[in-house]
Amino acid sequence: MDSRNPGQAASSRLAGSRVVLGAILVMLFSLLSLQDAAAHDPGLSSLTIRQRTNSLEATLTVAVKDAAQVAELDKDHDGIVTPGEFAQTRSQFETAVARQLFIAPDGKVAMPQSVRSRLDENNNAEVLLNFDAVAFFNLEIQSKIIASLPLGHRQYLQVQNSTGETLFERLLSAAADHAIVKIPDAHSSIGAFEAARSFANFLCLGVKHILTGYDHLLFLFGLLLVARGFFSSLGIITSFTIAHSITLAVATLHLVQIPSRIVEPLIAASIVFVGIENLLRGDIPTARRMVAFGFGLIHGFGFASVLREAGIGSGTGGIILPLFSFNLGVELGQIMVAALALPIIWKLRENPMFIARWAPACSAAVVLLGSFWFVQRVWMT
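Residue numbers are given in our numbering: position 24 of the sequence shown equals residue 1476, and the series is strictly consecutive.
Structure, rendered in structure tokens:
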């Protein structure tokens, strides 16, 4: 039993609530300094090695803004690489790629016989290299170009046989830019082992993407801020999950395409909408699940940008495993965040002061951050 009088106990609880809410508001406003949150993590490219009858074909696909880190593609330094600028400077990019990509069948480094590049429909720079190579049992690959790309960049490596079957998959990084592929025979278990490793890699990539996707997390926070309990929260999270899973799949499969310049501002607008709805409609706005579903469709296109920039879904094979494991990683990341945040929100909602004052303050912070990102993505990017 609390030995203090009711006034003192209430004052103590109010002070505790203010400390917790103060920490939440500080955390929200601190996101203003995270400029990288204005766009999703672009740090993923793809490298596909295909066996031909007497040759090897290597295709590197990288976002053009990352390619500009490797060679001087932006001639006027305005932050945009136009098709005309790429046509004038692509030889420099081709030379840089050929110099930093090493293909060694059975330990013998092969020299590219031809190198050509283009801009694809997703505004990625694509480089196609052809190497002479007879039959071999081991293939060594080193992509030193990753070190020239932004910090934390990952490269999705695929090795395919002449029929298009994927023999090997791995995510490379600057610290681990080397791989040795043993060409499996009909009874080898190497292919299954590499598939399991690729599953784990894309699972981790999905978790990392949602944990660093501050806009997605803020959208969820705004939705859950007015949720009263477990089932209300579960319905909101489930609606959001189903929606973004649908559009992640259709966008990666190129069934529906929406440019990032449209998707990114819409994601910011969804944050503003949720925050304003919380302020105007108060506790438990009706149709909150439909709001989560509708805007979840937009957020799914944002998730898909990670896989699309890597060339996954471009017809080179190996799409199902990356798509499934990446999406599963996103869901696991959401569950981790929800498991941490929801008990705190539910506890705070037991205090009438939270519902009357601090919940609106948090919603106002959501509106402010969403508005900042919207302005940044429309007029400052």
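We put the beta carbon where it would ideally sit given N, CA and C, even for glycine.
*According to the neighbour-count rule (16 or more other Cβ atoms, all chains shown, within 10 Å of its Cβ), is residue 1808 buried or exposed?*
Here residue 1808 refers to the residue found at position 356 of the sequence shown. So residue 1808 ends up on the exposed side.
*Shortest alpha-carbon distance to residue 1652 belongs to which of 1622, 1742, 1593?*
Reading the sequence shown from its first residue, position 200 is the one you call residue 1652. Distance from the Cα of residue 1652 is smallest, within the candidate group 1622, 1742, 1593, for 1622.
*Taking C-beta to C-beta, are residue 1508 and residue 1555 nearer than 8 Å?*
In the sequence shown, counting from the first residue as 1, residue 1508 sits at position 56. In the sequence shown, counting from the first residue as 1, residue 1555 sits at position 103. Yes, the pair counts as a contact, with Cβ atoms nearer than the cut-off.
*DSSP on residue 1502, reduced to helix/strand/coil?*
Within the sequence shown, numbered from 1, the residue matching residue 1502 stands at position 50. The three-state secondary structure of residue 1502, taken from DSSP, is strand.
*Note the first and the last residue of the continuous beta strand (DSSP E) segment covering residue 1597.*
Counting from one through the sequence shown, the residue named residue 1597 turns up at place 145. Counting along the chain, residue 1597 sits inside no beta strand (DSSP E), nor does DSSP assign it H or E at all.
*Look at residue 1691 and residue 1725 and say whether their C-beta atoms are less than 8 Å apart.*
Counting from one through the sequence shown, the residue named residue 1691 turns up at place 239. Counting from one through the sequence shown, the residue named residue 1725 turns up at place 273. One thing to note: residue 1691 has its Cβ no nearer than 8 Å to the Cβ of residue 1725.
*Would you kindly work out how many angstroms separate the C-alpha atoms of residue 1703 and residue 1803, rounded to a whole number?*
Taking the sequence shown and counting its residues from 1, one reaches residue 1703 at position 251. Taking the sequence shown and counting its residues from 1, one reaches residue 1803 at position 351. Spanning the two alpha carbons is a distance of roughly 43 Å.
*Going by CA-CA distance only, name the one from 1627, 1614, 1671, 1607 that's closest to residue 1774.*
Taking the first residue of the sequence shown as position 1, residue 1774 is located at position 322. Out of 1627, 1614, 1671, 1607, 1607 has the C-alpha closest to the C-alpha of residue 1774.
_Alpha-carbon to alpha-carbon, residue 1566 and residue 1720_ = Translated into positions along the sequence shown, residue 1720 becomes position 268. Translated into positions along the sequence shown, residue 1566 becomes position 114. Each residue's alpha carbon lies about 44 Å from the other.
*Answer with buried or exposed for residue 1754, where buried requires no fewer than 16 other C-beta atoms within 10 angstroms of its C-beta.*
As a position in the sequence shown, residue 1754 is number 302, starting the count at 1. By the C-beta density criterion, residue 1754 is buried, having at least 16 other C-beta atoms within 10 angstroms.
_residue 1618, DSSP secondary structure in three states_ = By one-based count along the sequence shown, residue 1618 stands at place 166. If DSSP states are grouped into helix, strand and coil, residue 1618 belongs with the strands.
*asked:* Measuring straight from C-alpha to C-alpha, what distance separates residue 1728 and residue 1718?
replied: Locating residue 1728 in the sequence shown gives position 276, where the first residue counts as 1. Locating residue 1718 in the sequence shown gives position 266, where the first residue counts as 1. Using only the alpha carbons, I get a separation of about 15 Å.
*Would you tell me roughly how many angstroms separate the C-alpha atoms of residue 1484 and residue 1759, rounded to the nearest one?*
Here the question's residue 1484 lines up with position 32 in the sequence shown. Here the question's residue 1759 lines up with position 307 in the sequence shown. Caution is warranted here: a pLDDT of 46 is assigned to residue 1484, below 50, making its placement in the model unreliable, and the coordinate value is therefore given only provisionally. Approximately 26 Å, taken between the alpha carbons.
_Helix, strand or coil for residue 1584? Go by DSSP, reduced to three states._
Locating residue 1584 in the sequence shown gives position 132, where the first residue counts as 1. In this structure, residue 1584 counts as strand in the three-state DSSP scheme.
*Measure the alpha-carbon distance for residue 1579 versus residue 1630 and round it to whole angstroms.*
Position 127 of the sequence shown holds residue 1579. Position 178 of the sequence shown holds residue 1630. In a straight line, the C-alpha of residue 1579 is about 19 Å away from that of residue 1630.
*How many Å lie between residue 1490 and residue 1506 at the Cα?*
Locating residue 1490 in the sequence shown gives position 38, where the first residue counts as 1. Locating residue 1506 in the sequence shown gives position 54, where the first residue counts as 1. For residue 1490, the predicted structure reports a pLDDT of 40, less than 50, and the residue's modelled location is therefore unreliable. A value from the coordinates is still provided. A direct Cα-to-Cα measurement between residue 1490 and residue 1506 gives close to 46 Å.
*CA-to-CA distance, residue 1789 to residue 1739, given in whole angstroms*: Against the sequence shown, residue 1739 aligns to sequence position 287. Against the sequence shown, residue 1789 aligns to sequence position 337. So the alpha carbons of these two residues sit roughly 23 Å apart.
*Give every residue of the same chain whose Cβ lies closer than 8 Å to the Cβ of residue 1590, excluding the five residues on either side of it in the sequence, and list them in chain order.*
To locate residue 1590, count along the sequence shown from 1; it is residue 138. Result list for residue 1590: 1557, 1558, 1559, 1632, 1633, 1634, 1635, in chain order.
_Endpoints, the beta strand (DSSP E) within which residue 1565 is located_ = By one-based count along the sequence shown, residue 1565 stands at place 113. Run containing residue 1565: 1564–1571, per the beta strand (DSSP E) assignment.
*asked:* So, at 7 Å on beta carbons, what are the nonlocal neighbours of residue 1615 in its own chain, with the 5 sequence-adjacent residues on each side left out?
replied: Translated into the one-based positions of the sequence shown, residue 1615 becomes position 163. Excluding positions up to five away in sequence, the list is empty.
*For the candidate residues 1521, 1503, 1801, 1527, whose alpha-carbon lies nearest to that of residue 1600?*
Within the sequence shown, numbered from 1, the residue matching residue 1600 stands at position 148. Checking every option, the nearest Cα to that of residue 1600 belongs to 1521.
*Output yes or no for whether 8 Å exceeds the beta carbon distance between residue 1513 and residue 1575.*
If you number the sequence shown from 1, residue 1513 lands on position 61. If you number the sequence shown from 1, residue 1575 lands on position 123. For the 8 Å CB-CB criterion, residue 1513 and residue 1575 do not form a contact.
*Assuming residue 1523 contacts residue 1544 under a Cβ cut-off of 8 Å, what Cβ separation, rounded to an integer in Å, is found between them?*
One-based indexing of the sequence shown puts residue 1523 at position 71. One-based indexing of the sequence shown puts residue 1544 at position 92. Correct: roughly 4 Å between the Cβ atoms.
_Can you list, in chain order, the residues of its chain with a C-beta nearer than 6 Å to that of residue 1503? Leave out the 5 residues immediately preceding and following it._
Locating residue 1503 in the sequence shown gives position 51, where the first residue counts as 1. If we look at residue 1503 and ignore the five residues flanking it on each side, its Cβ neighbours are 1613, 1614.
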